[in-house]
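Undergrad: Residues -13 to 534 (the numbering used here) are what the sequence shown spells out, left to right.
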Amino acid sequence: MPRPAWRAPVLAALWLASPFLLAHAALAQTSPALAAPKPTFSSEPAAPAKPASTWTQLAVPPAPNLPNLGDTSREDLSPAMERKIGEEIMRGVRGDRDYLDDAPLLEYLNTFGNALVAARPSVRGETNYDYFFFAVRDPQLNAFALPGGFIGVHSALLLAAQTEAELASVLSHEIGHVAQRHIARMLGQQRQDALMPLAAMLLAALASRAGGDVAMGVFAAGQGLAIQRQLNFGRDAEREADRIGFQIMGEAGFDTTGMVAFFGRMQAASRSYSDLVPAYLQTHPLTTERIADIQARIREQPYKQRPDSLNFHLARARARVLQDESVQGLLNAKAVFKTQLEQQSRFQVTAAHYGLSYVAVKQAKPAEAQAELDAANAALHQPAGPNVFTSGGTQGPNSLLAAMALEVLLMPAQKKEVAQQALKAADAARMQFPLSRGIARQYAEALMAAGKQEQATLYLRDQVQLYKEEPELYDLLAKAYAEQGKMTLQHMALAESYVLQGATMAALDQLTIARKSTDATFYDQAVIDARERELQEKRREQLKDQKS
């Protein structure tokens, strides 16, 4: 089956975002995919959500600084334009069914990733980028950085990372690419050639509608005569990203040997790809050279050991289930969790029961899901096994466990009387974890499940004013209006959801439906007319930008 439309052309164009990104783009034509063809690339802007960070930074000795070289390319690609390009590409990513739009997983990745960013605030650049971290379902070990601070992780990589330090090494490396503005600098290097302008990247993405081979052909034509210059620049970019990533890890309090450990695993994995990778990919920096460079730096740093967080194990358990939700995939995940129960670490055992609970949710077995979740909470408060390096002491409330408890209570297979219990639990959870966006949305779902549609509507209307970049809130608001028979307001809310997802034409269609609804008031008609004019003007500007 073909790869998702956005991946091969767009990620190949952004090859210097990851040490193995080009290899993955080439392998995409020969390796099996997990999903069917996806929605096509859109060029309309959207902004990412901003999950809050609650990470506690450790005090560590300062590390030597690497100068930020991004200013050299300002005249070629401004930071604002980088962000816009990243938003455009992210819209294609979010429309892909392999994009893991899972609130607890996104919460973990953004809390963890933004803790690394906070350790070195200068990586936000002169425009103070808001970084956004996300995961995609993919069996290849990979991670990638898009322009403007968007960093993606493949589900297989998340599962392959055996420690949190290893995951930190990957994310820190990608942060290094963004901080050094490698994409803008790459375009600056090719200013005289004009053989691979930004338009070639977007053209390749659009050409992917006709098939991966056509898209790769367009991309290859746009870069052919400048390829050697790109590869030479890529070697320097990878070394820069390694060095900045190393500094970020140290300043965030992570064991820097995790970078070497994970590089070694990636090197071993790449050996099986060697026969398929085109020759020009082999001119990229050898992993052994990069490992030697980092090892030399490690010898200059004091050794530190840091236990993995509980959320690291819970997020990996969740990713394992989400990686393959087929009947066989869930059975395979269940077998892995059963084996994991034999571990001595209470975090590992807790995560195994958590994973089993999530499998039961996917299998629509509420009683089993609740039993496994109870077992997870019981295991968490058991003393750690001998010679097991985990955080000691009593564990405080955990937002991922609280979200799972609500997920179980809100299962469609639950009995009706459970709805009131779910509402009470959701109300307590949102007070306990006010920064959790997933739990905030679960509270709205609990209100609707309990039949409190009017209260849900008032709550969601406040939420969409406070968090203007979450289309999920408008989707829930549309659902609440629909259950009250307010069809005009339902379609107006859906229109705003489509706007946030970059689908301006679909939003205009929803406004047309809203205008024709029988319950549309004079005031509603006036609001619809005004909003239509705004969106039509926005659409004209987007078309003008595309032509220019």
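We treat Cβ as the ideally placed atom computed from N, Cα and C, and that holds for glycine. Treat the numbers as computed from the prediction; the structure is a model and nothing was measured.
Tell me where the beta strand (DSSP E) around Leu132 begins and ends.
TA: Start and end: 129 to 132.
Undergrad: Between the region 471 to 480 and the region 499 to 513, can you find at least three pairs of beta-carbon atoms closer than 8 angstroms?
TA: Enough Cβ pairs lie closer than 8 angstroms, so yes.
Undergrad: Mapping the DSSP letters down to three states, classify His159 as helix, strand or coil.
TA: Helix.
Undergrad: If distances are taken between C-alpha atoms only, which option among Gly315, Gly341, Ala464, Leu316 comes closest to Gln326?
TA: Answer by Cα proximity: Gly341.
Undergrad: According to DSSP, is Phe508 helix, strand or coil?
TA: Helix, per DSSP.
Undergrad: For Gly81, does the three-state DSSP call read helix, strand or coil?
TA: In the structure shown, Gly81 sits in coil (DSSP, three-state: anything other than H, G, I, E or B).
Undergrad: CB-CB under 6 angstroms to Val139, same chain, minus the five flanking residues each way: which ones, in chain order?
TA: Excluding residues within five positions, the ones whose Cβ falls inside 6 angstroms are Ala121, Ala129.
Undergrad: Under 8 angstroms between the Cβ atoms of Ala464 and Ala479?
TA: Contact flag set, yes.
Undergrad: Straight-line CA distance for Gln166 to Gln400?
TA: Taking the straight line from one Cα to the other gives about 51 angstroms.
Undergrad: Have a look at Ala278, Val450, Gln439 and flag the residue whose alpha-carbon is nearest the alpha-carbon of Glu482.
TA: Checking every option, the nearest Cα to that of Glu482 belongs to Val450.
Undergrad: Applying the 10 Å Cβ sphere with the 16-neighbour rule, what's the burial state of Glu403?
TA: Label assigned to Glu403: exposed.
Undergrad: Which partner residues of His299 appear in the DSSP bridge assignment?
TA: None, per the DSSP bridge assignment.
Undergrad: Is DSSP giving Phe240 helix, strand or coil here?
TA: Three-state result, Phe240: coil.
Undergrad: Ordered along the chain, which non-local residues of its own chain (more than five positions away) have a Cβ less than 7 angstroms from that of Phe248?
TA: Excluding residues within five positions, the ones whose Cβ falls inside 7 angstroms are Ala147, Glu152, Ser155, Val156.
Undergrad: Which whole-angstrom value describes the C-beta separation of Arg123 and Leu308, a residue pair presumed to lie in contact below a C-beta threshold of 8 angstroms?
TA: Right, their Cβ atoms sit about 7 angstroms apart.
Undergrad: Beta-carbon within less than 6 angstroms of Ala94's beta-carbon, same chain only, minus the 5 sequence neighbours each way: which residues are those?
TA: According to the sequence as given, residue 94 is Tyr; it is not Ala. Within the same chain, Tyr94 has close Cβ partners Asn297, Ala301.
Undergrad: Please name the residue, chosen from Lys524, Gln522, Leu497, that lies closest to Ala512 on a Cα-to-Cα basis.
TA: Of the listed residues, the one whose Cα sits closest to Ala512 is Leu497.
Undergrad: Determine which residues share a DSSP beta bridge with His140 and list them.
TA: Answer is Val122, bridged to His140.
Undergrad: Does DSSP classify Asn96 as helix, strand or coil?
TA: Helix, per DSSP.
Undergrad: Secondary structure at Ala489, three-state DSSP: helix, strand or coil?
TA: The answer is coil: DSSP assigns Ala489 none of H, G, I, E or B.
Undergrad: For Tyr484, which residues from the same chain have a beta carbon less than 6 angstroms from its beta carbon, with the 5 sequence-adjacent residues on both sides left out?
TA: Around Tyr484: Ala492, Ala493.
Undergrad: Note down, in chain order, each residue of its chain lying with its Cβ closer than 6 angstroms to the Cβ of Pro125, except the 5 sequence neighbours on either side.
TA: Ala142, listed in sequence order.
Undergrad: First and last residue of the alpha helix (DSSP H) that includes Gln314?
TA: Segment 313 to 326, the alpha helix (DSSP H) holding Gln314.
Undergrad: By DSSP, does Gln449 sit in helix, in strand, or in coil?
TA: If DSSP states are grouped into helix, strand and coil, Gln449 belongs with the helices.
Undergrad: With a threshold of 7 angstroms on Cβ separation, who are the neighbours of Ser158 within its own chain once the five nearest residues in sequence on each side are excluded?
TA: Closer than 7 angstroms at the Cβ level, and outside the excluded window around Ser158, lie Leu102, Gly231, Ile234, Met235.
Undergrad: Going by other Cβ atoms of all chains shown within 10 Å of its Cβ, with 16 needed for buried, is Val313 buried or exposed?
TA: So Val313 counts as exposed.
Undergrad: If distances are taken between C-alpha atoms only, which option among Ala319, Glu224, Ala238, Ala305 comes closest to Glu275?
TA: Glu275 has its Cα closest to that of Glu224, out of Ala319, Glu224, Ala238, Ala305.
Undergrad: Could you tell me whether the region 382 to 391 touches the region 429 to 448, where touching means 3 or more Cβ pairs closer than 8 angstroms?
TA: No contact exists between the region 382 to 391 and the region 429 to 448.
Undergrad: With a threshold of 8 angstroms between beta carbons, is Arg302 in contact with chain E?
TA: No chain E appears in this structure, which consists of one protein chain only.
Undergrad: Considering just the uninterrupted stretch of the alpha helix (DSSP H) at His339, what are its terminal residues?
TA: Unbroken alpha helix (DSSP H) run through His339: 332 to 348.
Undergrad: Could you check how far apart the C-beta atoms of Thr490 and Arg525 are, in whole angstroms? I think they sit under 8 angstroms.
TA: Right, their Cβ atoms sit about 5 angstroms apart.
Undergrad: Is the beta carbon of Leu602 sitting closer than 8 angstroms to the one on Gly72?
TA: What is shown of the chain runs -13 to 534, which leaves residue 602 out entirely.
Undergrad: Would you identify the three-state DSSP class for Phe419, choosing helix, strand or coil?
TA: Three-state DSSP puts Phe419 in coil, outside helix and strand.
Undergrad: Leaving aside the five residues before and after Glu544 along the sequence, list all residues of the same chain whose C-beta is less than 7 angstroms from its C-beta, in chain order.
TA: It is not possible to answer for residue 544, since the shown part of the chain is limited to -13 through 534.
Undergrad: May I have the straight-line CA-CA distance separating Ala254 from Ile280, to the nearest angstrom?
TA: So the two alpha carbons sit approximately 17 angstroms from each other.
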